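Numbering of the sequence shown is given in our numbering, commencing with residue 134 and proceeding in unit increments.
Beta carbons are placed, not taken as given, at the ideal position from N, Cα and C, and that holds for glycine.
All values reported here derive from a predicted model rather than from experimental measurement.
Each remark here refers to the structure printed beneath this line.
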Amino acid sequence: MSTKDEISCYNKALPVMEWLVSQGDIQKVPGKSERFKKGNNAVFDVICARNGEVKVDLICFNSCGDAKRTRDKIDSLMQW
């Protein structure tokens with residue numbers, strides 16, 4: 134999952150995450166445009182490198198529940 138630079142990476146990745154918010158799959162974390170959550174147990178961090186590579190880290194507190202399935206969905210949507 135790569136674009137040409139960090140800015141274009143965020144410009145492509147964040148709308149994907151916003152779409153998932155609009156679908157009810159995840160929620161935004163106030164004050165952090167690159168951080169999202171699923172319930173109270175899972176946090177998704179969008180990380181773009183300077184070379185345009187994107188990854189989404191999943192941090193779970195206790196059980197991840199269905200957050201792993203959501204992570205798989207995110208990965209499939211960010212194939213560019």
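- Taking a contact to require three or more Cβ pairs closer than 8 Å, the region 193-201 and the region 169-177 qualify as touching.
- In the DSSP assignment, D178 is bridged to R168, D190.
- Annotation for K201: the continuous alpha helix (DSSP H) segment containing it runs 200-210.
- The beta-bridge partner set that DSSP reports for K145 is empty.
- Boundaries of the beta strand (DSSP E) harbouring K161: 160-162, taken from the DSSP string.
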